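If you read the sequence shown in our numbering, its first letter stands for residue 184, the second for the next number, and so on. Shown next, in structure tokens, is the structure this report addresses.
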Amino acid sequence: MTHSTYHYPSSKDITKSHFLSAIIALLILVHFFEKLYTLLREVKRNKKVEIFKENLDPAIEAKMLGIFKQKLVNPPQELNSPASLESSKNSKVPDEILHDFISCNPSNAFSINFGNDGILAYSPSNNTSKHQGLFCGLDNIYCAFMGSLDNLSMLIKQYGLSKGTNEANFIIEAYRTLRDRGPYPVDQVLKELDGSFGFVIYDNKDGTVFFASDCNGKIGLFWGIAADGSVVISEKLELIKASCAKSFAPFPTGCLFHSEHGLMSYEHPMKKLKPIPRIDSEGVMCGADFFVDSQSRKSMMPRVGSEANWVNWGS
184 MTHSTYHYPS SKDITKSHFL SAIIALLILV HFFEKLYTLL REVKRNKKVE IFKENLDPAI
244 EAKMLGIFKQ KLVNPPQELN SPASLESSKN SKVPDEILHD FISCNPSNAF SINFGNDGIL
304 AYSPSNNTSK HQGLFCGLDN IYCAFMGSLD NLSMLIKQYG LSKGTNEANF IIEAYRTLRD
364 RGPYPVDQVL KELDGSFGFV IYDNKDGTVF FASDCNGKIG LFWGIAADGS VVISEKLELI
424 KASCAKSFAP FPTGCLFHSE HGLMSYEHPM KKLKPIPRID SEGVMCGADF FVDSQSRKSM
484 MPRVGSEANW VNWGS
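Below, the structure is given as structure tokens:
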């Protein structure tokens with residue numbers, strides 16, 4: 184009878200086998216990390232492309248736009264930077280700015296043209312936004328509103344309005360009350376608004392532009408000067424920056440602008456505003472920021488519609 188003999192592997196054979204297994208495992212691991220690196224690199228590249236494309240679109244997510252001709256408004260001269268004439272990016276005319284705004288949401292965005300005086304545009308876009316937008320027209324007065332009023336219910340009762348009144352409706356009613364009856368100074372009315380907001384009003388009956396921003400700065404408004412001297416305002420910085428070259432700035436918080444009487448603080452109505460030139464990352468003057476001058480003092484703010492008081496407002 185023949186007996187087979189089993190030969191135990193030598194330690195040398197075992198070592199060689201373990202070495203080959205380790206090499207194979209290492210190669211598999213290297214291949215895995217190569218695949219992972221390639222995948223992450225592709226995701227990062229696509230993300231950069233997506234961000235770049237988004238930045239190319241100056242009006243993306245912009246909800247409101249106001250453009251008002253130079254003959255209608257009297258913006259602070261400090262807002263118009265001489266550097267705009269030498270900028271590599273030229274400021275745009277109103278039609279170009281409106282086209283940029285509408286083209287971002289052509290199915291929903293709309294505009295109202297007020298002859299040769301101005302334009303109000305609004306986009307009820309479906310994209311996510313942390314602040315709501317509203318648009319309303321009533322008795323030839325139009326309002327684009329961003330944000331919300333925390334005490335809207337109380338204000339509705341105070342003004343005797345219907346329960347379904349939204350923020351844009353209320354702003355028009357408050358403006359109309361000030362314009363027609365003027366029971367309170369405008370600064371007192373605006374101080375009663377509790378919340379985060381920015382709004383633009385155009386009164387087509389009187390040819391009046393009126394906009395304001397809250398005191399806490401949660402709703403940022405930006406304004407600038409177009410190529411033809413028109414004032415441009417929107418909540419979207421990229422749109423204003425692409426439209427106004429170097430002549431733009433944040434709209435100051437706690438302030439209002441009236442087409443006849445200019446810019447003023449309703450938070451500190453007895454103080455004047457002081458312009459401070461803005462310098463951009465290129466070291467070029469870029470419009471101006473406006474701050475309350477604590478050393479100044481002026482006469483009381485008038486009621487909207489009080490012609491005698493309007494004359495001295497801002498003096």
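Cβ coordinates follow ideal geometry from the N, Cα and C atoms, glycine included. Values in this document were obtained by computation on a predicted structure and should not be read as measured data.
Can you tell me whether DSSP reads residue i as helix, strand or coil?
i	result
alanine 425	helix
threonine 391	strand
alanine 357	helix
leucine 209	helix
lysine 294	The question names lysine, but residue 294 is serine in the sequence shown. Three-state DSSP puts serine 294 in a strand.
methionine 453	coil
phenylalanine 284	helix
isoleucine 402	coil
alanine 351	helix
serine 379	strand
proline 433	strand
proline 277	helix
Out of curiosity, what's the CA-to-CA distance linking residue i and residue j?
i	j	result
histidine 282	asparagine 257	25 Å
glutamate 356	serine 430	33 Å
alanine 409	asparagine 273	9 Å
serine 448	glutamate 465	30 Å
tyrosine 325	glutamate 350	13 Å
glycine 407	methionine 329	18 Å
asparagine 352	lysine 346	11 Å
glycine 378	glycine 316	14 Å
lysine 424	proline 259	18 Å
asparagine 534	asparagine 263	This structure does not reach residue 534, given that the chain is present from 184 up to 498, and the question cannot be answered.
glycine 403	phenylalanine 434	7 Å
isoleucine 207	leucine 420	56 Å
threonine 348	leucine 335	9 Å
Can you have a look at residue i and say buried or exposed, based on whether 16 or more other CB atoms are within 10 angstroms of its CB?
i	result
phenylalanine 405	buried
arginine 364	exposed
glutamate 237	Only weak support is given to the placement of glutamate 237: the predicted model assigns it a pLDDT of 36, under 50, and the value that follows is read from those uncertain coordinates. Glutamate 237 should be labelled exposed.
alanine 428	buried
asparagine 288	buried
isoleucine 280	buried
aspartate 463	exposed
leucine 303	buried
glycine 286	In the sequence under discussion, the amino acid at residue 286 is serine, which differs from the glycine named in the question. So serine 286 ends up on the exposed side.
leucine 212	exposed
alanine 327	buried
isoleucine 354	buried
Round the Cβ separation of residue i and residue j to the nearest angstrom and send it over; I've been treating them as touching at under 8 Å.
i	j	result
serine 294	lysine 246	Between lysine 246 and serine 294 the Cβ distance is about 13 Å, and since that is not below 8 Å, they are no contact.
threonine 360	tyrosine 342	7 Å
phenylalanine 474	leucine 446	The pair is not a contact, with the Cβ atoms about 12 Å apart (cut-off 8 Å).
leucine 248	leucine 422	7 Å
At a cut-off of 7 Å, would you count residue i as near the ligand ADP, judging by its Cβ distance to the nearest heavy atom?
i	result
glutamine 315	The model on display carries no ligand, and the ligand ADP is accordingly not part of it.
Assess, as a yes-or-no matter, whether the stretch 292-309 is touched by the stretch 360-380 under the definition of 3 or more beta carbon pairs within less than 8 Å. With a cut-off of 8 Å, the stretch 292-309 and the stretch 360-380 do not count as touching, because too few Cβ pairs lie within range.
Does the structure place the stretch 408-423 close enough to the stretch 448-461 that three or more beta carbon pairs sit under 8 Å? Counting Cβ pairs under 8 Å, fewer than three are found: no touch.
So does the stretch 389-400 actually touch the stretch 438-447, counting three or more Cβ pairs closer than 8 Å? Because the criterion of three Cβ pairs below 8 Å is met, the stretch 389-400 and the stretch 438-447 touch.
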